[in-house]
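Using the working numbering, read the sequence shown as starting at 1 and increasing by one per residue. For each residue, glycine too, the CB sits at the ideal point set by N, CA and C. Computed from a predicted structure; not experimentally measured. Here the structure comes first, spelled out in structure tokens, and everything after it is commentary.
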Amino acid sequence: MADTEKDILRGGQFLVKETKCEDVFTPEDFSEEQKMMKDAVMEFNEREIIAHRARFEAKDYALTEEVMRKAGELGFLGVAVPEEYAGLGMGFVSTLLTCDYISSGTGSFSTAFGAHTGIGTMPITLYGTEEQKKKYVPKLATGEWFGAYCLTEPGAGSDANSGKTTATLSEDGKSYKINGQKMWISNAGFCSLMIVFARIENDKNITGFIVEYNPENSNGITLGEEEHKLGIRASSTRQVFFSETVVPVENMLAGRGEGFKIAMNALNVGRIKLAGACLDSQRRILTTAVTYANERKQFNTAISEFGAIKVKLAEMATSAYAGESATYRAAKNIEDRINMRVAGGNTHQEAELKGVEEYAIECSILKVAVSEDVQNCADEGIQIFGGMGFSEETPMEAAWRDARIARIYEGTNEINRMLSVGMLVKKAMKGHVDLLGPAQKVQEELMGIPSFETPDYSELFSEEKQMIQKLKKTFLMVAGGAVQKYGPQLEDHQQLLIAAADILIEIYMAESAILRTEKNVKRFGEKEQSAQIAMAKLYLYHAVDIVEEKGKESIISFAEGDEQRMMLMGLKRFTKYANYPDIVDLRNEIAEKVKAEGKYSF
Numbered sequence: 001m002a003d004t005e006k007d008i009l010r011g012g013q014f015l016v017k018e019t020k021c022e023d024v025f026t027p028e029d030f031s032e033e034q035k036m037m038k039d040a041v042m043e044f045n046e047r048e049i050i051a052h053r054a055r056f057e058a059k060d061y062a063l064t065e066e067v068m069r070k071a072g073e074l075g076f077l078g079v080a081v082p083e084e085y086a087g088l089g090m091g092f093v094s095t096l097l098t099c100d101y102i103s104s105g106t107g108s109f110s111t112a113f114g115a116h117t118g119i120g121t122m123p124i125t126l127y128g129t130e131e132q133k134k135k136y137v138p139k140l141a142t143g144e145w146f147g148a149y150c151l152t153e154p155g156a157g158s159d160a161n162s163g164k165t166t167a168t169l170s171e172d173g174k175s176y177k178i179n180g181q182k183m184w185i186s187n188a189g190f191c192s193l194m195i196v197f198a199r200i201e202n203d204k205n206i207t208g209f210i211v212e213y214n215p216e217n218s219n220g221i222t223l224g225e226e227e228h229k230l231g232i233r234a235s236s237t238r239q240v241f242f243s244e245t246v247v248p249v250e251n252m253l254a255g256r257g258e259g260f261k262i263a264m265n266a267l268n269v270g271r272i273k274l275a276g277a278c279l280d281s282q283r284r285i286l287t288t289a290v291t292y293a294n295e296r297k298q299f300n301t302a303i304s305e306f307g308a309i310k311v312k313l314a315e316m317a318t319s320a321y322a323g324e325s326a327t328y329r330a331a332k333n334i335e336d337r338i339n340m341r342v343a344g345g346n347t348h349q350e351a352e353l354k355g356v357e358e359y360a361i362e363c364s365i366l367k368v369a370v371s372e373d374v375q376n377c378a379d380e381g382i383q384i385f386g387g388m389g390f391s392e393e394t395p396m397e398a399a400w401r402d403a404r405i406a407r408i409y410e411g412t413n414e415i416n417r418m419l420s421v422g423m424l425v426k427k428a429m430k431g432h433v434d435l436l437g438p439a440q441k442v443q444e445e446l447m448g449i450p451s452f453e454t455p456d457y458s459e460l461f462s463e464e465k466q467m468i469q470k471l472k473k474t475f476l477m478v479a480g481g482a483v484q485k486y487g488p489q490l491e492d493h494q495q496l497l498i499a500a501a502d503i504l505i506e507i508y509m510a511e512s513a514i515l516r517t518e519k520n521v522k523r524f525g526e527k528e529q530s531a532q533i534a535m536a537k538l539y540l541y542h543a544v545d546i547v548e549e550k551g552k553e554s555i556i557s558f559a560e561g562d563e564q565r566m567m568l569m570g571l572k573r574f575t576k577y578a579n580y581p582d583i584v585d586l587r588n589e590i591a592e593k594v595k596a597e598g599k600y601s602f
């Protein structure tokens, strides 16, 4: 069925509408073209990045720039750029796939690549005039020029719209003069173009500008020294100072005061791409860990035989699998929405903007979940290596250091947690997602007499899918109760928002893993997918625990008396399995598969 005819779920609707497994996209659905792209990117990663890992760790900034140029020559910097601007014009899934498989060699290159292709190039592609796109995008898509993104300031981090950098119109009205300071600017040391955000007069919102940079003619731009960072050591990160920097009026990006909108939408795309950039890192960390665990012997036994190590291998594989499932599910939703809008007459520019904006909730969910999973994965990788994991001689300590930044950039995980719930509530207020109706039904169910019948759970995933529905009811009960009590003031209760976000995140991730596995069981059979079935069940088991904990924390914090007792009883009902899975068995099955294959093989 054509994308235009499909009833594509809107962003956030996963919570209140059933998704059939046939309607989710999975990594097993890659087209031949996408498989070829994946192979090409993996080969590039091995040859140009992983082979030189030691040089990246030694802060070889020139190497990062050199490898970026090579990526440009091969077209990897222009995957998402339309063909008329010297790009490959590939779809959103292919863009994400490239980001996924090019990012695991080192966080230094991953950061340079993400900053350039995402927040360096994309704002011009999506918001630029035709003249701006023709002038700048081909140079960025081919790697002739590199881009940087100047938003953060010493006093403006999470509160991005509070920047003090100013843009003053010249007397002749032909240019602006920019004055101010930016910090944590990725690619600053080798960029030729900066997307700079500044405030005109006393405007409420900041404005975006395209600023060319040439060290030989600095135009009032000076760079601070390279920052000394915990990780991403060969990623150029500097402060940028603007002193009477002249920018032609035609280099304003979008309209006056539209910079905050540009920044927020750029971050939406950046968030799902960041999730993608963490995926292959998890696969590689697991593969490196299991290779070592199979070789390392203690007490005359390979340590991979020990139950304590099997737990780690199984949990690492499970989080990577769930992350893959959810990230590619959302990427295809975005691609379908873009295609639908193009078919409806939107320009590519409008379609991509609206397509990504539609799934801003999912983008925030993924950013949080996958960035935290890759950190946990690297932490367990160090533990499996023991003392050697703490040494620079093995890749684990660098992987751990590089992973740490992912929870901070593209909006901290705390901000993204609050955003995901806040955006969902706003969508409900606008009528884009019907939360009120389902929330009222949950209230009625709580008041009614529960059924004590045990359903027939003989079909694969029948109980797990029922559990997902119950977890959704938990979210509606908790979030609905909080909205009822606090109304618009809910955003002032950050701890409740964060707890609700954790419930939302677990629902999306667990459901994605189950739907992917169900789809593939129908294609490849239960036997071939037995480890994947185990991972989907194991992820859900942990999700239920988290939902129960966060639900209880919320209920006892905003409800009291009979309402509190009723909601706690509802929570108990909504998080209770009829048949608990055997967690040790599930982990053993997953670990045995990983051990036998000697790698992440799903």
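Separation of residue j from residue i, as counted between CA atoms
| i | j | result |
| --- | --- | --- |
| G118 | W184 | 16 Å |
| P27 | L353 | 24 Å |
| I338 | R329 | 15 Å |
| D582 | M509 | 21 Å |
| F113 | P154 | 24 Å |
| S304 | M316 | 14 Å |
| N214 | I178 | 16 Å |
| G105 | E66 | 15 Å |
| S601 | A263 | 37 Å |
| L497 | A406 | 21 Å |
| W686 | L193 | This structure cannot settle anything about residue 686, because the visible part of the chain is limited to 1 through 602. |
| G208 | I334 | 25 Å |
| Y541 | E131 | 53 Å |
| A156 | V81 | 30 Å |
| V547 | K572 | 11 Å |
| T4 | A86 | Per-residue confidence for T4 stands at a pLDDT of 41, beneath the threshold of 50, marking its modelled position as unreliable; no derived number is given. |
| V137 | A254 | 15 Å |
| I102 | I408 | 21 Å |
Cβ-based burial, residue i [other Cβ within 10 Å; buried from 16]
| i | result |
| --- | --- |
| Y580 | exposed |
| H116 | buried |
| H606 | One cannot answer for residue 606 here, as it falls past the ends of the chain, which runs 1 to 602. |
| A439 | buried |
| T222 | exposed |
| I514 | buried |
| E46 | exposed |
| L230 | exposed |
| T454 | exposed |
| I195 | buried |
| N300 | exposed |
| K465 | buried |
Continuous alpha helix (DSSP H) stretch holding residue i: start and end
| i | result |
| --- | --- |
| N179 | First-last for N179: 175-186, but that is the beta strand (DSSP E), not the alpha helix (DSSP H). |
| G208 | Here G208 belongs to no alpha helix (DSSP H); instead the beta strand (DSSP E) covers 207-212. |
| M566 | 561-574 |
| L540 | 530-558 |
| I583 | 583-597 |
| Q132 | 130-142 |
| D100 | 92-102 |
| A378 | 360-385 |
| P123 | 122-127 |
Beta-carbon contacts of residue i that lie in its chain and below 8 Å, excluding the five residues immediately before and after
| i | result |
| --- | --- |
| D379 | W400 |
| M567 | L446, M477, V478, G481, I555, A559 |
| D203 | R256, G257 |
Span of the beta strand (DSSP E) around residue i
| i | result |
| --- | --- |
| P248 | 237-248 |
| I195 | 193-200 |
| I221 | 221-223 |
| T166 | 166-169 |
| A148 | 147-150 |
7 Å Cβ shell around residue i - same chain, five flanking residues per side excluded
| i | result |
| --- | --- |
| I382 | G389, F390, M396, E397, W400 |
| K70 | E48 |
| T168 | Y176, K177 |
| N268 | V356, E357, A360, C363 |
| Q13 | V433 |
| Q529 | T517, N520, V521 |
Beta-carbon proximity list for residue i, same chain, < 6 Å, skipping 5 on both sides
| i | result |
| --- | --- |
| A289 | G381, I384 |
| A331 | F92, V93, L96 |
| S512 | S325, A326, R329 |
Cβ-heavy atom distance, residue i to the ligand NAP, below 6 Å
| i | result |
| --- | --- |
| E592 | As for the ligand NAP, it is missing from this structure, which has no ligand bound. |
(request) Evaluate contact between the segment 413-430 and the segment 318-328, counting only Cβ atoms and requiring at least three cross-stretch pairs below 8 Å. (result) no
(request) Mind the definition here: the segment 544-559 touches the segment 55-75 only if three or more C-beta pairs lie below 8 Å; say whether that holds. (result) no
(message) Check whether the segment 583-597 and the segment 471-488 touch, using three or more Cβ-Cβ pairs below 8 Å as the test.
(response) no
(message) Closer than 8 Å is the cut-off here; do at least three beta carbon pairs connect the segment 268-281 with the segment 210-221?
(response) no
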